Amino acid sequence: MDGQVDIEEARALLRTRFGHAEFRPGQEEIITALLGGNDILAVLPTGAGKSLCYQLPALLLDGLTIVVTPLIALMQDQVRQLNRIGVAATFINSMLDFRDIQVRLEQVRRGGIQLLYVAPERFESTQFLRQLEHVPVRLFVVDEAHCISSWGHDFRPSYLKLPNAIEFFGKPTVGAFTATATPDVRNDIERHLGLREPTIVIRGFDRPNLTFKVQRGGNKREALLKLCSRHVPAIVYAGTRKTTEELAEFLRRHGISAAAYHAGRQDDERDKVQKDFLHDKISVVCATTAFGMGIDKRNIRLVVHYEMPGSIEQYYQEAGRAGRDGDPALCVMFYSPQDRRLQEYFIQSSSPSKEQVKKVYAFLHEYAGNPLGCEYRDLLPLTAESIAANYEDLNPIQVNSALTLLEEEGYIRRISSSYTGATVRFLFRPQEMREWLVRNAPEELQPVSIALLRATGGEGFFHPVRINLADMAENSFLSEEIVALGLRELDKLGIIEFSLGSSGQGIALITPRVRANSLKIQATRLLQASRRQFSRLHAIEHYCTSHQCRRNLILEYFHETDITGTCGRCDNCTTSARPVDVVEEILERHQYHLLHCVAELQGKFGRTTYADVLRGANTKRISNFRLYEAASFGTLRDYDRQAILQAIDHLIDFGLLERTETVRPSVYLTSAGRDALGVDVTPLSLPRPSEVGELAVTDPELYDALRKTRRRLAQKMNVPSHTMCPDIVLRRLTNILPRTKEECLAVEGMGPATFQRCGNALLQTILDHLDRKLLLDALEKSRNILPDLPASLRATFELVAQGFSLATIAEKRGLTEGTISQHISELMKKGIAIDLDTLVDADHRKAIERASIAVHSTDLKRIKAVVPDDVTYAEIRIVLSALAFAKPTH
């Protein structure tokens, strides 16, 4: 449908084809924009009807609509429903064989398909794109668009290839859809997909039929039984596979038909659970987060989270699977303060250090027996679990995160459903094979046949040859799956004898090996990822502990503006004599005392310590730090700790206080908090850490890093950890922060013998930790200067801050590396901190620094003449600028 779009035609189609009387909130605005050729970024929660927003325009537009989704169950279900109402829709996924895929692509090429659902991984194949080269694509839909953002909770590197596909299809109208997207995620989606002045629609987060409750304490199993006895169908989300199995068994013993669903079960078992649940053969599914995406069961009456999840995004997406039919449904979360510790463990476990990433990289090449500078072409039959089994200080979650980082940086490629040990032998002689290719080979099998001849080099005519499907796929611009299917067809035709070998997961090394220390891993990105996770954890914990309307807490988190009143349904809205009245009294009468206490203790403690000081408690921490000497001590002794904690949380919400994004966060005054306080506060003189002795450390992250360093050294020397250096000395090092050997030796307990054993390593750990803190502070301060910079310099800095390499920044900006280096030099000159680790190779940097000293000059040409040939002028300019202007950040 070209030209001006009549929305009345869309409304008529809504009634006649889709059977709905009217649009849901946001749908009409989105459909109008897409029909008018405008890009759209739509944030709609689960159950808000986002699929209609692209299905209906697809029927009114001339040409093909492509829908990208990672959810096989969703694409199959939607295609089935569309076919049922007479819409020509199909999908291409890994469940289809080679001939089925070719048949469907031919239907698309002939114009017989209106909607084509495709997994994002397909667009990594140039061959796949070529098969759609002449198809007029009018609308390109990206479902689960948050997967393109590293800020999101479900980042998938395959989504980063989608901009290339959009460009390939001539930049059709793009619709990006997601159920959960904070402002940072939305900015990432818009930037990565290259949306052109998109219409942004954030609607429908308020689900009036859902009632949200948080249950604290009590017998969780008995509470669950009571809920599931009254409200079914139900989904119960639990954090571990073991818990899902135990809960399903518990419910079955009490007469409720329940089943467990998790990644540890076989495919056919999971499929059976899913189908039984859809057809009401079982009433409760106890599942990990793997269950529910793309499942169209609209009458779920209850969703229970057995523990607090890691973020509001995850919680609302999962809870939103309840009540999609519009009838009342219940969403209950069981919460315990210990849940935070579990989530902190998950965050720490999933956040590898730079050294751990290097360790994983080195292990891959050592496993392959691959020397420096060489390529390795076979697939490594390794998983995160098998790699982690070789190390005591690495768990599978950390290894998986390290592999993701290495994949993002282009060092490796993880291949699911890959094949190892495949062999092939030609049954034709060479001349017969050539004649068959020229005269009789089906067109769709020619690329695979040619790729096979190249891969075997003719040896396959004489004996069986082992082949690497991953290499064949990469070298021939085919997907690995297409290669495997094509070889099967050649086997059926009697052209070759093909043995697939074992199926599983594998890792491909796609660049020659470099020294681990030369890896261009973005250190700031590692830190930022951890900070983002802690920020999300703070938000979900606040949701659990707050006495505000739970609906409003969720809507405010997603920055929805149309919030009126309260929901009147959640546990906070319906509980009589709420504690919030006491909290309001504290805020009205004692806000000054709250802020004064934080200022007086210099923002160095957590909210619990502040609450204890204000109520005049006698705790070991207060005694050790002599906090009873504070003027604030006991000023709120008439209130209990929980009420004071709630008041502190409100001040955080108001922006007067902020907390660090660390394992045990400290709370400090913001600039707005200092303005609200209105007076200068004399800080309490805290005892020096060396005077405190055995008290708790003030920087748990550093203390943990020191313990890991000690454990690594002890393992190397095959001695118990405590014999290297006692815990009390590590705590003193954490609190005193020595910067030199002399300062280190002055710490009580750190004698010459102890320093000889481990002093240098512990000192380096402290210095590295301080460097990371300086880097984060410097980058934050740099951002305050940005508004006054020219737009071109700002654009370059944003890419530098995200950790992109010099070459990538130049490519993204469409400028030369020389121009980018001039931008960076100008940024340093203005006092902006720049992390050189991702811009200049470490060896190159050292070479440039040595050369500038040797030639006694900052002349680029003179330095270029004495450094290695692969050092560029751009790198020289950046390093010289760093020496002249920059605040060191690494």
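Our numbering puts the last residue of the sequence shown at 890; the count rises by one with no breaks. All C-beta atoms, glycine included, are put in the ideal place defined by N, C-alpha and C. Please read these numbers as outputs of a predicted model, since none were measured by experiment.
CB-CB under 8 Å to residue i, same chain, minus the five flanking residues each way: which ones, in chain order?
| i | result |
| --- | --- |
| Val483 | Val448, Ala451, Leu469, Met472, Ala473 and Ser476 |
| Phe755 | Lys741, Cys744 and Leu745 |
| Phe346 | Gly310 and Ile397 |
| Lys920 | This structure leaves residue 920 out entirely; the chain is present only between 1 and 890. |
| Lys520 | Glu409, Ser805, Asp837, Thr838 and Asp841 |
How long is the line joining the alpha carbons of residue i and residue j, rounded to whole angstroms?
| i | j | result |
| --- | --- | --- |
| Glu585 | Ile644 | 10 Å |
| Glu307 | Gln102 | 46 Å |
| Leu330 | Gln591 | 36 Å |
| Arg414 | Glu407 | 7 Å |
| Gly19 | Arg298 | 16 Å |
| Leu555 | Ile563 | 7 Å |
| Gln114 | Leu445 | 27 Å |
| Val141 | Phe177 | 8 Å |
| Ala599 | Val679 | 10 Å |
| Gly603 | His722 | 32 Å |
| Leu896 | Ala807 | In the structure as shown, the chain begins at 1 and stops at 890. Residue 896 is therefore absent and cannot be evaluated. |
| Leu74 | Pro328 | 24 Å |
| Cys147 | Tyr159 | 7 Å |
| Gly194 | Pro163 | 7 Å |
| Leu537 | Ile848 | 43 Å |
| Arg589 | Val582 | 11 Å |
| Leu490 | Ile92 | 21 Å |
| Gly255 | His593 | 55 Å |
For residue i, which residues in the same chain have their Cβ closer than 6 Å to its Cβ, ignoring the five residues on either side in sequence?
| i | result |
| --- | --- |
| Arg122 | Phe128 |
| Asp339 | Glu307 and Met308 |
| Thr211 | Leu330 and Arg569 |
Less than 8 Å between the CB atoms is what I'm expecting for residue i and residue j, so what's the real figure, rounded?
| i | j | result |
| --- | --- | --- |
| Val273 | Ala234 | Incorrect: roughly 14 Å between the Cβ atoms, too far for contact. |
| Tyr261 | Ala287 | 4 Å |
| Ile31 | Ala10 | 6 Å |
| Leu793 | His823 | 6 Å |
| Ala384 | Leu364 | That belief does not hold up - the Cβ atoms of Ala384 and Leu364 are roughly 12 Å apart, past 8 Å. |
| Gly369 | Thr511 | That belief does not hold up - the Cβ atoms of Gly369 and Thr511 are roughly 17 Å apart, past 8 Å. |
| Thr69 | Tyr117 | 6 Å |
Which residues in the same chain have their Cβ closer than 7 Å to the Cβ of residue i, if we skip the five residues on either side of it in sequence?
| i | result |
| --- | --- |
| Cys758 | Arg710, Leu713, Met724 and Cys725 |
| Arg626 | Pro687 |
| His542 | Asp649 |
| Gly818 | Tyr873 and Ala874 |
| Phe428 | Trp436 and Ile495 |
| Phe426 | Met433, Gly460, Phe461 and Ile496 |
| Thr670 | Gly655, Leu656, Leu657 and Glu658 |
| Gln317 | Thr46, Ala179 and Thr180 |
| Leu41 | Ala176, Arg186, Ile189, Glu190, Leu195, Pro198 and Ile200 |
| Thr86 | Note that residue 86 is Gly in the sequence shown, not Thr. Correct list: empty, nothing qualifies. |
| Gln802 | none |
Using a 10 Å radius around the Cβ and a threshold of 16 neighbouring Cβ atoms, would you call residue i buried or exposed?
| i | result |
| --- | --- |
| Ser821 | buried |
| Asn552 | buried |
| Gly320 | buried |
| Arg196 | exposed |
| Tyr419 | With a pLDDT of 48 at Tyr419, under the threshold of 50, the modelled position of this residue cannot be trusted; read the value that follows with caution. With 16 or more Cβ atoms within 10 Å of its Cβ, Tyr419 is classed as buried. |
| Val174 | buried |
| Asp835 | buried |
| Ser666 | buried |
| Leu372 | exposed |
| Val438 | exposed |
| His279 | exposed |
| Cys597 | buried |
| Cys549 | buried |
| Phe462 | exposed |
| Ala422 | buried |
| Gly458 | exposed |
| Asp325 | exposed |
Requested in this report: Only counting runs of 3 or more residues, tell me where the beta strand (DSSP E) segments fall wholly within the region 176 to 249, in order along the chain.
Outcome: 199 to 202, 210 to 216 and 234 to 237
Along the chain, which unbroken stretches of the alpha helix (DSSP H) at least 4 residues long are found entirely within the region 348 to 425? 354 to 368, 384 to 388 and 396 to 408
Open item on the list: I'd like the ranges of any beta strand (DSSP E) spanning at least 3 consecutive residues and lying wholly in the region 45 to 122.
Closed with: 64 to 68, 89 to 92 and 115 to 118
Q) At which residue ranges does the region 248 to 314 contain complete alpha helix (DSSP H) runs of 4 or more residues, listed in the order of the chain? A) 267 to 278
Alpha helix (DSSP H) runs contained entirely in the region 738 to 821, provided each spans 4 or more residues = 741 to 745, 760 to 785, 791 to 801 and 806 to 813
Review point. Can you list the beta strand (DSSP E) stretches of 3 or more residues lying completely in the region 431 to 479, in chain order?
Key: none
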